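At position 259 of the sequence shown (counting the first as 1) the number is 261 in my numbering, and the numbers step up by one without a gap.
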Amino acid sequence: MTTTAERNDEQPPAAGGNATQAPESAALAPELAARLLRRVTLAPGEHASQPSYAPFTGELVGRVPVCTEVDVDAAVRLARAAQQKWVRTSAAHRRRIFLRYHDLVLDRQDEILDLVQLETGKARKSAFEELADVAIVSRYYAHTAARQLRPRRRWGALPGLTAATEYYHPKGVVGIIAPWNYPLTLPITDAIPALLAGNGVVLKPDSQTPFTALLGVNLLREAGLPEDLFQVITGAGRSIGTPMIDRVDYLMFTGSTATGRHIAAQCGQRLIGFSAELGGKNAMVVCADADLDKTVAGALRACFSNSGQLCISIERMFVEDAIYDEFVPRFTERVAAMALGAQRDYTAEMGSLITPTQLEAVAAHVDDAVAKGATVLTGGRRRPDIGPLFYEPTVLTGVTGDMDLAADETFGPVVSIYRVKDREEAVRRANDTDYGLNASVWSKDTAAGRELATRLQAGIVNVNEAYAAAWASTDAAMGGMKASGVGRRHGVEGIRKYTESQTVAVQRGLPMGAPPGMSEQTYAKVMTMSLRILKRTPFVP
Ligand code: NAD
3 MTTTAERNDE
13 QPPAAGGNAT
23 QAPESAALAP
33 ELAARLLRRV
43 TLAPGEHASQ
53 PSYAPFTGEL
63 VGRVPVCTEV
73 DVDAAVRLAR
83 AAQQKWVRTS
93 AAHRRRIFLR
103 YHDLVLDRQD
113 EILDLVQLET
123 GKARKSAFEE
133 LADVAIVSRY
143 YAHTAARQLR
153 PRRRWGALPG
163 LTAATEYYHP
173 KGVVGIIAPW
183 NYPLTLPITD
193 AIPALLAGNG
203 VVLKPDSQTP
213 FTALLGVNLL
223 REAGLPEDLF
233 QVITGAGRSI
243 GTPMIDRVDY
253 LMFTGSTATG
263 RHIAAQCGQR
273 LIGFSAELGG
283 KNAMVVCADA
293 DLDKTVAGAL
303 RACFSNSGQL
313 CISIERMFVE
323 DAIYDEFVPR
333 FTERVAAMAL
343 GAQRDYTAEM
353 GSLITPTQLE
363 AVAAHVDDAV
373 AKGATVLTGG
383 RRRPDIGPLF
393 YEPTVLTGVT
403 GDMDLAADET
413 FGPVVSIYRV
423 KDREEAVRRA
433 NDTDYGLNAS
443 VWSKDTAAGR
453 ELATRLQAGI
463 VNVNEAYAAA
473 WASTDAAMGG
483 MKASGVGRRH
493 GVEGIRKYTE
503 SQTVAVQRGL
513 PMGAPPGMSE
523 QTYAKVMTMS
533 LRILKRTPFV
543 P
């Protein structure tokens, strides 16, 4: 591997940080780096490498190879060969591997959390959410996959005569393209159902966070996943994404709506299935009867978890007039008191942004809004005294439609608050967006909250919670409406999408057409009578 050539997408952040806040060291330990890099699929030959930098300090984390089309080809071939054997393993065998993985992830949490924080600069509590999610999804699909994929008897065409059964066969090799914001949970939890359904996987993690993904895959190997079944290729999405889509049998994409559209077109050309989890401009509705203390605490998590770099983060808050003057000052005061920090412990409430690009995008949104007349209630400043990429949690009012952040996803710690007359106005304005990923509703009347939730155009809605209640209800589907996505993860949809359904119908006794000796005209009459009778028969699939 050469160490020059292609650079990462991002510039290194200028080193900085407060000595009392900065973590002890930045660079990945060489033994760990070497161990993880063995999991990257590389065809023989020289490879350029690309660096990634630690957001807390701006120091180099490590370098990963820049894979080429030849590597992608090798990865898909290896995964395909391994899948042929994997598909013949028993459900019980697969289940044991993923239950072991559940335990390994919990047991090795210090190592995992350190690496997630190193690569992302997030607060440890946000890193822990990722880890817990991996354990939850492992347990869930380990216990449910066999039931969700067992052959199902279906109602046949002619009751008693046609026996129809639906089978679920693995697609083959599933490609996964993942973003940087949740570098452990997004690639791994989307791979878990794909693997349990009998597929091989080829993963392309984000260039900023390759080592976390490699650690997640390495632990799967330790849990007993066959060598070669799960391949990882590293490098820029725009150069290895297309060769990957050209070779896999299904694509799971998580990332921006712009890239999602591009990838959807490529999958469409090949007529392969795909699922896309994309951006959001998520709304919270605070009803007049909301519990103030709980709502303030919930809103804090909703807007600033993972420094707002969370697809289901709240960026627009609609507060009913009757509670606005009480809620907004209390929320603002709590936001202003948030503890920012770069420690590898649980003391910080919010960590850093991830890259200089991300920091500039967030600052540009706020600056544009302020220049056009928005009011900053708190925040709105970079905090280089804590670390090079820190930005304060920011609350804005007076946001109007001509400001960039009114409609576009900021993907940072910035929320705009709007006063609304009543719930009707809140619903109308919450739905007035191209996106439809998450929403949050706060009301002491949970029945009314649930009713309001069903009128919001969002794939998940949390009542009296920020985002985690719906996300972590793994038995229920999660995904985006409108420009926030296509397809769903979690639940039965989250595993069946990785399969081809096949219907086998066995016909007994009479054929489906006129039996020998019966004219077509008589057959039509008999069928007409039968259909009238069937209409009155309760049809319970
Ligand atoms: P991005 O679209 O820029 O990148 C995501 C991934 O796609 C990366 O691995 C990147 O390398 C790859 N990629 C980029 N261009 C590609 C191409 N032409 N072909 C193939 N792959 C390509 O997104 P991002 O900025 O890294 O992530 C943030 C976005 O992701 C936000 O919009 C956020 O809302 C969204 N997101 C959505 C969910 C969800 O579940 N809906 C979860 C996390 C993030």
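For every residue, glycine included, the Cβ atom is placed at its ideal position computed from N, Cα and C. On a predicted model such as this, the values are computed, not experimentally measured, just so you know.
- Message: Buried or exposed, going by whether 16 or more other CB atoms sit within 10 Å of the CB of L361?
- Response: The residue given as residue 361 occupies position 359 in the sequence shown. Classified as buried, L361 has 16 or more neighbouring CB atoms from the shown chains inside 10 Å of its CB.
- C-alpha distance - S307 paired with S418, whole-angstrom precision: Translated into positions along the sequence shown, residue 307 becomes position 305. Translated into positions along the sequence shown, residue 418 becomes position 416. Spanning the two alpha carbons is a distance of roughly 16 Å.
- Message: Measuring straight from C-alpha to C-alpha, what distance separates P395 and V78?
- Response: In the sequence shown, counting from the first residue as 1, residue 395 sits at position 393. In the sequence shown, counting from the first residue as 1, residue 78 sits at position 76. C-alpha of P395 to C-alpha of V78: approximately 43 Å in a straight line.
- Message: Are there any heavy atoms of the ligand NAD lying less than 8 Å away from the beta-carbon of Y469, as far as the coordinates show?
- Response: Taking the first residue of the sequence shown as 1, we reach residue 469 at position 467. Not under cutoff, so the answer is no.
- Item | Q86, DSSP secondary structure in three states | The residue labelled residue 86 in the question sits at position 84 within the sequence shown. In the structure shown, Q86 adopts helical secondary structure according to DSSP, grouped into three states.
- Helix, strand or coil for F213 per DSSP? Translated into positions along the sequence shown, residue 213 becomes position 211. If DSSP states are grouped into helix, strand and coil, F213 belongs with the helices.
- Item | Nonlocal neighbours in the same chain, by C-beta distance under 8 Å from A24, ignoring five residues either side | On the sequence shown, residue 24 is found 22 positions in, with the first residue counted as 1. Because the pLDDT at A24 is just 44, under 50, the model does not fix this residue reliably, and the value given afterwards should be weighed accordingly. By the criterion of a C-beta distance shorter than 8 Å, A24 is surrounded in its chain by F58, T59, A344 and G389, once the five residues flanking it on both sides are discounted.
- Take every Cβ of the region 410-424, pair it with every Cβ of the region 278-292, and state whether three or more of those distances are shorter than 8 Å. Yes: at least three Cβ pairs fall under 8 Å.
- Query: What are the start and end residues of the alpha helix (DSSP H) that includes K173?
  - Reply: To locate residue 173, count along the sequence shown from 1; it is residue 171. Secondary structure note for K173: it is in no alpha helix (DSSP H), with a DSSP letter that is neither H nor E.
- Item | Check whether P181 and T244 have beta carbons under 9 Å apart | Against the sequence shown, residue 181 aligns to sequence position 179. Against the sequence shown, residue 244 aligns to sequence position 242. The answer is no: Cβ separation not under 9 Å.
- Message: Once DSSP output is grouped into helix, strand and coil, what is the label at Y252?
- Response: As a working note, residue 252 is residue 250 in the sequence shown. The DSSP-derived three-state label of Y252 is strand.
- Query: Can you pull the DSSP bridge partners for A166?
  - Reply: Indexing the sequence shown from 1 puts residue 166 at position 164. Partner(s): R156 and A507.
- Query: Which partner residues of K423 appear in the DSSP bridge assignment?
  - Reply: Counting from one through the sequence shown, the residue named residue 423 turns up at place 421. Answer is none; K423 lacks a bridge partner.
- Message: Determine whether the beta carbon atoms of N183 and G300 lie at a separation below 9 Å.
- Response: Position 181 of the sequence shown, counted from the start, is the residue given in the question as residue 183. Position 298 of the sequence shown, counted from the start, is the residue given in the question as residue 300. Contact: no.
- Task: Sort L342, L407, V364 and V397 by Cα distance to D387 and report the nearest one.
- Result: To locate residue 387, count along the sequence shown from 1; it is residue 385. Considering only alpha carbons, the answer is L342.
- What did DSSP end up calling G548 once you bin it into helix, strand or coil? Past the boundaries of the shown model lies residue 548; the chain is included only from 3 to 543, so the question cannot be answered.
- Using a Cβ-Cβ cut-off of 8 Å (strictly less than) and excluding sequence neighbours within five positions of T530, which residues of its own chain qualify? Translated into the one-based positions of the sequence shown, residue 530 becomes position 528. There are no such residues.
- Under the three-state reduction of DSSP, which class applies to I325: helix, strand or coil? As a working mapping, residue 325 is identified with position 323 in the sequence shown. Shown here, I325 sits in a helix according to DSSP, grouped into three states.
- Whole-number beta carbon distance between M405 and A371, since they are thought to touch under 8 Å: Along the sequence shown, one-based indexing puts residue 371 at 369. Along the sequence shown, one-based indexing puts residue 405 at 403. About 4 Å separates the CB atoms of A371 and M405; that is less than 8 Å, so the two are in contact.
- Look up I535 in the DSSP assignment and say whether it is helix, strand or coil. As a working note, residue 535 is residue 533 in the sequence shown. Helix, per DSSP.
- Identify whether F232 lies in helix, strand or coil by the three-state DSSP scheme. Walking along the sequence shown from the start, residue 232 turns up at place 230. Annotated three-state conformation of F232 is strand, per DSSP.
- Item | 4 or more residues per run - each alpha helix (DSSP H) lying fully within the region 74-127 | As far as the region 74-127 is concerned, its whole alpha helix (DSSP H) runs of at least 4 residues are 93-109 and 111-122.
- Following the continuous beta strand (DSSP E) through G64, name the residue where it begins and the one where it ends. Locating residue 64 in the sequence shown gives position 62, where the first residue counts as 1. Where G64 is concerned, the enclosing beta strand (DSSP E) stretches over L62 to P67.
- Message: Looking at the ligand NAD, does it come within less than 8 Å of G487, judged from the CB to the closest heavy atom?
- Response: As a working note, residue 487 is residue 485 in the sequence shown. G487: yes, Cβ under 8 Å from the ligand NAD.
- Message: Applying the 10 Å Cβ sphere with the 16-neighbour rule, what's the burial state of S445?
- Response: For the purposes of this step, residue 445 is taken as residue 443 along the sequence shown, with counting starting at 1. A residue is called buried once 16 or more other Cβ atoms fall within 10 Å of its Cβ, and S445 is buried on that count.
- Between the region 87-97 and the region 260-273, are three or more C-beta pairs nearer than 8 Å? Under the three-pair Cβ rule at 8 Å, the region 87-97 does not count as touching the region 260-273.
- Task: Confirm, please, whether the CB-CB distance from L454 to N433 is below 9 Å.
- Result: To locate residue 433, count along the sequence shown from 1; it is residue 431. To locate residue 454, count along the sequence shown from 1; it is residue 452. 9 Å or more divides the Cβ of N433 from the Cβ of L454.
- Item | Residues sharing a beta bridge with R491, DSSP | Counting from 1 along the sequence shown, the entry for residue 491 is found at position 489. Paired residue(s): M480.
- Cβ of F255 within 8 Å of any heavy atom in the ligand NAD? Translated into positions along the sequence shown, residue 255 becomes position 253. Closer than 8 Å to some heavy atom of the ligand NAD: that describes the Cβ of F255.
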